[in-house]
Amino acid sequence: MTHDGVRGDNSDSGGALIEQGVVPAVDNLLADATTAPDMVGLVATAVAETNDDSKRSREKSTRPWYKTPSVWWLLPITAMGAMFRASTIAPRTELFIKFACDELRPEYSVEIKTVQWESTNTTPEVIPITFVPPGGQTVKTTLHHPDKRCAQDPVVHRAAAKLSAGITSAQGILSVLTLGWWAQYSDRAGRTRVLGISAFAVLIADALLFLVAFKGKALPGGYRVLILGGALDGLAGGFSAVVAAGHAYVADCSSPLARSRIFSFWTGCVYAGAALGPSLGSLINSYSNDLLSTFYVTTVIHIVYGMLMIFIVPESLSDEARAKARELYERDVNGHSRTIVGTLWRLTSFVRPLGVFVPRRHHAGRAGWRSRDWNLTLVGIAAAAVAINMGSYHFKFQYALKTFHWSSVQLGHWLSLVAFWRALYLSIILPAIIKALYAREERLFSGVESDDEKEARVKKVDLLVARASLLVDLFGYILIGVVTSQTPFIGATIVLAFGGGFAPSVQSLALALASPSAHIARREARAHRTSLPSSAKQEIGTLFGALAVIHALGSQVVGPALYSTTFGASVGVYPRAIFWVCAVIISLALAAFSFVRFDGGFEAEQSEHEPLLA
């Protein structure tokens with residue numbers, strides 16, 4: 047399904063598929079195969095414990111195929127949705143520029159047409175010319191590309207950047223506040239209910255977009271009404287709620303033996319769809335010459351998606367599991383006071399998972415900061431810096447439109463090219479590199495190893511991949527900040543595609559640092575093809591919930607505000623300034639990772655086998 051907003055992340059993203067995982071993050075989607083927020087909290091844990099029983103009861107029942115929940119109900123729809131979502135990224139950027147230009151530079155939109163005719167009259171003639179004032183006598187049926195002068199006007203770009211940041215921030219703030227509630231609601235009402243509600247929330251945002259396109263001058267605030275669409279999308283949980291509900295549906299329908307393989311295939315399909323999407327949007331726009339043509343198609347997809355989720359796709363959670371979730375939820379709600387303090391406690395529950403990043407006391411014999419383990423805190427700082435960087439995507443697109451005089455057609459082809467290389471790297475090249483690193487370590491440690499020694503090797507590889515990915519990103523941003531022509535710019539952005547290994551490696555590393563027992567349990571479960579203990583599930587869910595909060599706050603709140611201000615201030619003087627800010631942010635993440643040490647505190651690791659990180 048397509049879920050407009052920013053995200054496309056993007057994420058993380060999504061913005062954010064060009065930089066971090068599935069662009070942000072699909073905005074975040076082309077940017078990062080976003081960290082799907084795992085179900086966290088009391089209700090989610092209890093439901094996870096009842097899922098196996100519900101699966102067994104479903105297997106014993108004899109349902110017809112069209113009433114049996116399956117991954118194959120959701121997978122094709124999700125891949126198509128990612129493709130159509132990504133198809134709107136380029137025209138959306140150009141559309142924001144047009145909205146701002148029509149309001150701030152109305153003289154650019156005046157069309158002067160010359161009419162020639164032959165006349166045999168030799169005497170002067172009076173030709174009446176009638177000007178039709180704006181007021182609704184004519185109705186626009188198409189929305190053409192903005193005037194070339196709009197794409198070069200710093201004032202217009204500044205306004206478009208503020209609009210993009212406003213939409214993203216409104217959606218991001220409300221999404222962070224409501225995501226936990228929607229995750230629990232999916233336990234009580236079902237996964238398909240959440241997916242259907244999300245689709246119809248996006249339809250409202252689509253309707254506002256068309257309203258602004260055709261009647262924007264008559265609306266209070268003009269094109270700024272689009273921020274309301276982002277807010278409504280955020281109230282419905284945003285793209286993060288869609289990802290969480292979709293992943294929960296897959297987990298409900300798959301066995302532990304096949305789950306890892308299914309999620310890998312799922313991610314590959316999403317990447318493929320997101321890589322094709324921008325080119326699809328460019329193809330539609332090139333044939334129709336209407337900026338809204340892609341949005342007409344995606345609106346139809348949203349309607350079909352919502353109808354499928356509500357009326358066709360079978361629910362993955364059994365009635366018994368949902369009833370149990372409702373019972374536990376009521377018990378949890380009644381267990382808290384209904385005072386103002388109790389209400390505030392529930393409203394701020396989304397930030398409580400961040401407590402996992404608080405430095406923990408490590409060495410009892412030391413005093414001050416050396417007595418605590420700062421590794422996970424440093425990993426959280428680095429993850430936050432990268433998430434903030436994912437909030438820069440829309441402004442990078444504006445930079446390309448202004449600097450290289452591209453339209454949304456050229457922008458879409460460029461997005462597909464970068465997304466293709468990122469997908470290729472994450473699906474083929476990076477796994478091969480990691481496999482080679484593990485093989486090298488196995489040769490170095492040929493003897494019998496304990497679990498702790500094996501865990502140390504895994505952490506070393508994760509740390510190496512994360513640092514190398516940040517170095518590639520830093521080099522790519524410096525390169526973009528230096529080049530001034532089109533071809534080197536495209537090459538430099540492809541270099542950034544090879545920095546996509548940060549997200550998966552930092553998740554694995556954070557889990558190993560936060561809860562070694564849960565990390566070992568997850569590894570053993572995969573090796574022996576068994577399910578995770580409930581305690582390990584809760585620890586993993588809490589950590590990934592914290593990473594999801596960091597991702598949402600960075601990519602959808604802090605990042606857009608920072609880069610909107612930077613781009614707005616520099617677009618008329620030095621528009622490449624945003625890339626140098628990106629380089630500085632990545633440098634901060636790299637600096638945080640440089641202090642990560644194993645065997646406690648900031649002490650260098652004393653290992654006789656150090657060559658991997660030396």
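Count the sequence shown with the working numbering and you get residues 47 to 660, in order. Cβ coordinates follow ideal geometry from the N, Cα and C atoms, glycine included.
Sheet register partners of residue i (DSSP bridge)
| i | result |
| --- | --- |
| residue 368 | BP columns for residue 368 are empty, so no partner. |
CB contact flag (residue i, residue j, <8 Å)
| i | j | result |
| --- | --- | --- |
| residue 209 | residue 259 | no |
| residue 458 | residue 125 | no |
| residue 440 | residue 197 | no |
| residue 522 | residue 541 | yes |
| residue 237 | residue 354 | no |
| residue 250 | residue 272 | no |
| residue 323 | residue 133 | yes |
| residue 401 | residue 609 | no |
| residue 342 | residue 149 | no |
| residue 632 | residue 445 | no |
| residue 527 | residue 629 | yes |
| residue 203 | residue 448 | yes |
| residue 141 | residue 461 | no |
| residue 606 | residue 253 | no |
| residue 283 | residue 221 | yes |
| residue 428 | residue 318 | no |
| residue 334 | residue 139 | no |
| residue 321 | residue 130 | no |
| residue 27 | residue 330 | The first residue shown for the chain is 47 and the last is 660, placing residue 27 beyond what the model contains. |
| residue 14 | residue 267 | With the chain covering 47 to 660 only, the question about residue 14 has no answer from this structure. |
| residue 225 | residue 286 | yes |
Buried or exposed by the 16-neighbour rule on C-beta atoms within 10 Å, applied to residue i
| i | result |
| --- | --- |
| residue 230 | buried |
| residue 357 | exposed |
| residue 242 | buried |
| residue 533 | exposed |
| residue 152 | exposed |
| residue 474 | exposed |
| residue 115 | buried |
| residue 190 | exposed |
| residue 365 | exposed |
| residue 489 | exposed |
| residue 325 | buried |
| residue 195 | exposed |
| residue 108 | exposed |
| residue 117 | buried |
| residue 311 | exposed |
| residue 537 | exposed |
| residue 481 | exposed |
| residue 188 | exposed |
| residue 588 | buried |
| residue 530 | exposed |
| residue 261 | exposed |
| residue 676 | The displayed coordinates of the chain run from 47 to 660. Any statement about residue 676 would go beyond what the structure contains. |
| residue 478 | exposed |
| residue 513 | buried |
Cβ neighbours of residue i in the same chain (closer than 8 Å, five flanking residues each side left out)
| i | result |
| --- | --- |
| residue 120 | 292, 295, 296, 359 |
| residue 235 | 368 |
Contacting residues, own chain, Cβ-Cβ under 6 Å from residue i (five flanking each side not counted)
| i | result |
| --- | --- |
| residue 487 | 503 |
| residue 559 | 421, 422 |
| residue 110 | none |
| residue 604 | 434 |
| residue 511 | 547, 551 |
| residue 192 | 143, 144, 147 |
| residue 515 | 545, 547, 548 |
| residue 636 | 516 |
Beta-carbon contacts of residue i that lie in its chain and below 7 Å, excluding the five residues immediately before and after
| i | result |
| --- | --- |
| residue 642 | 421, 424, 425, 509 |
| residue 245 | 47, 348, 351, 352, 355 |
| residue 484 | 507 |
| residue 464 | 64, 539, 540, 543 |
| residue 103 | Interpretation of residue 103 is limited by its pLDDT of 47, a score under 50 that renders its predicted location unreliable; no figure is taken from the coordinates. |
| residue 556 | 422, 425, 589, 593 |
| residue 612 | 623, 624, 627 |
| residue 519 | 542, 545, 632 |
Contact test: residue i Cβ vs the ligand ZN heavy atom, cutoff 7 Å
| i | result |
| --- | --- |
| residue 130 | Annotation note on the ligand ZN: not contained in the displayed structure, which lists no ligands. |
Length-filtered (3 minimum) beta strand (DSSP E) runs lying within the segment 184-243: none
Residue ranges of each alpha helix (DSSP H) within the segment 236-308, 4 or longer: 237-261, 272-281, 284-299
Residue ranges of each alpha helix (DSSP H) within the segment 437-468, 4 or longer: 439-450
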